[in-house]
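Numbering-wise (the numbering used here), the sequence shown opens with residue 3 and increments by one. What follows is one structure encoded as structure tokens, with my remarks underneath.
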Amino acid sequence: MALTGKVALITGGSNGIGAASARRLASLDVRVVVADVDVDQGKLVADEIGGVFVRCDVTQPSDSADAVAAAVSSFGGLDIAFLNAGIGTGCSLGDDFDVDVYRRAMAINLDGVVYGVHAALPSVRASGGQIIATASMAGLMPMPGDPVYGANKAAVVGLVRSLAGAYPDVRVNALCPAFADTNIITPLRSTLEDIGMPILPVSAVVDTFMSIVEGSGTGEAWFVQSGRPSEPFGFRNPPGPRNADGSRLEAARKDPVSLALKEN
3 MALTGKVALI
13 TGGSNGIGAA
23 SARRLASLDV
33 RVVVADVDVD
43 QGKLVADEIG
53 GVFVRCDVTQ
63 PSDSADAVAA
73 AVSSFGGLDI
83 AFLNAGIGTG
93 CSLGDDFDVD
103 VYRRAMAINL
113 DGVVYGVHAA
123 LPSVRASGGQ
133 IIATASMAGL
143 MPMPGDPVYG
153 ANKAAVVGLV
163 RSLAGAYPDV
173 RVNALCPAFA
183 DTNIITPLRS
193 TLEDIGMPIL
203 PVSAVVDTFM
213 SIVEGSGTGE
223 AWFVQSGRPS
233 EPFGFRNPPG
243 PRNADGSRLE
253 AARKDPVSLA
263 LKEN
């Protein structure tokens, strides 16, 4: 993708991965809309990069629609929707389970992506652009310390893979970092340091984000792990259905959803 003059919308753009991605894109002459609930910091980032700030609570569908509208009205369209807003959960399903915490985490980490995709699709399809959602390594592997977080990030990965088949005219991918040096790990930082878990620099996550932006794939979940080159995670196809006599279904060769029927 030639980036000069393109338009990007970044949710969760006031801090961390979102802010760093906004700066990287702006350095490549991309016009950026920074969307976040952190108004003061978001305006600072937007002013720094010559972009536009819009307050956006991703749990509200109308806010995502307003953020897309801001990109279109300010810059004439939308080429890259980076749905990056997210929070940690910090509770299990045991005695410490908190319904309000659970609902807030699901509303931001999953609903926020769903609402963002819904709002961005018409403009991104019109431009032949792309949607990138921040998931996590927790969406690719078990997350015993925060199972609710693992559940909503796995849902984001599944959503992205399905959307890629549903909308072949748009590239849709997931960014799946391990523990990165952002505010989301603040409650875990001392524990991570005590056990020797590497903490990714934000720049490494942004490098992978840019690999997705500048690539050609769709339906991919790019992992970002310390000490490893980032690449799309290799999903193994599940066993496909067969006829009663054990032969493969003819539908698997003819039907548009045959990808879901492939065998290993």
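For glycine and all other residues, C-beta sits at the position ideal for the given N, C-alpha and C. The model shown is predicted, which means the values in this text are computed figures rather than measured ones.
Backbone secondary structure at residue i - three-state DSSP
{"i": "T210", "result": "helix"}
{"i": "T13", "result": "strand"}
{"i": "A48", "result": "helix"}
{"i": "P63", "result": "helix"}
{"i": "F237", "result": "coil"}
{"i": "F55", "result": "strand"}
{"i": "R105", "result": "helix"}
{"i": "V204", "result": "helix"}
{"i": "L30", "result": "coil"}
{"i": "F84", "result": "strand"}
Option in the options with minimal Cα separation from residue i
{"i": "T41", "options": "N185, L30, R57, S125", "result": "One point to set straight first is that residue 41 is Val, not Thr, in the sequence displayed. With distances taken between Cα atoms, V41 lies closest to R57."}
{"i": "A4", "options": "C178, E216, V35", "result": "E216"}
{"i": "G114", "options": "V158, S129, A73, S138", "result": "V158"}
{"i": "A282", "options": "I51, A246, C93", "result": "Because the chain spans 3 through 266 in this model, residue 282 falls outside it and cannot be assessed."}
{"i": "M199", "options": "I187, S75, G52", "result": "I187"}
{"i": "P230", "options": "D209, Q62, F55, Y117", "result": "Note on residue identity: the sequence assigns Arg, not Pro, to residue 230. Of D209, Q62, F55, Y117, the residue nearest in Cα terms is D209."}
{"i": "L30", "options": "G15, L190, N17, G53", "result": "G53"}
{"i": "E50", "options": "G15, Q62, A71, S75", "result": "G15"}
{"i": "Y117", "options": "R33, D97, A69, P189", "result": "A69"}
Residues near residue i in its chain [Cβ-Cβ closer than 7 Å; skip 5 each side]
{"i": "T220", "result": "A166, R173, V174, N175"}
{"i": "L261", "result": "Caution applies to L261, whose pLDDT of 47 falls short of 50 and renders its modelled position unreliable; the value that the coordinates give is listed next. So the qualifying residues of the chain are G167."}
{"i": "P149", "result": "S94, L95"}
{"i": "S232", "result": "T210, S213, W224, F225, V226"}
Close Cβ partners of residue i (< 6 Å) along its chain, the five nearest in sequence each way excluded
{"i": "F235", "result": "L142, A223, F225"}
{"i": "D59", "result": "V39, D65"}
Same chain, Cβ closer than 8 Å to residue i, five either side skipped, listed in chain order
{"i": "A211", "result": "Note on identity: in this sequence residue 211 is Phe, with Ala being the wrong assignment. So the qualifying residues of the chain are I19, S23, R26, F84, I134, L177."}
{"i": "P203", "result": "A182, D183"}
Report the residue ranges of all alpha helix (DSSP H) runs contained in full by the stretch 115-181; include only those spanning at least 4 residues, in chain order. 149-168
Pairing CB atoms from the stretch 100-107 with CB atoms from the stretch 41-54, are three or more of them under 8 Å? no
Specify whether the stretch 140-160 and the stretch 20-27 touch according to this definition: at least 3 beta carbon pairs, one from each stretch, less than 8 Å apart. no
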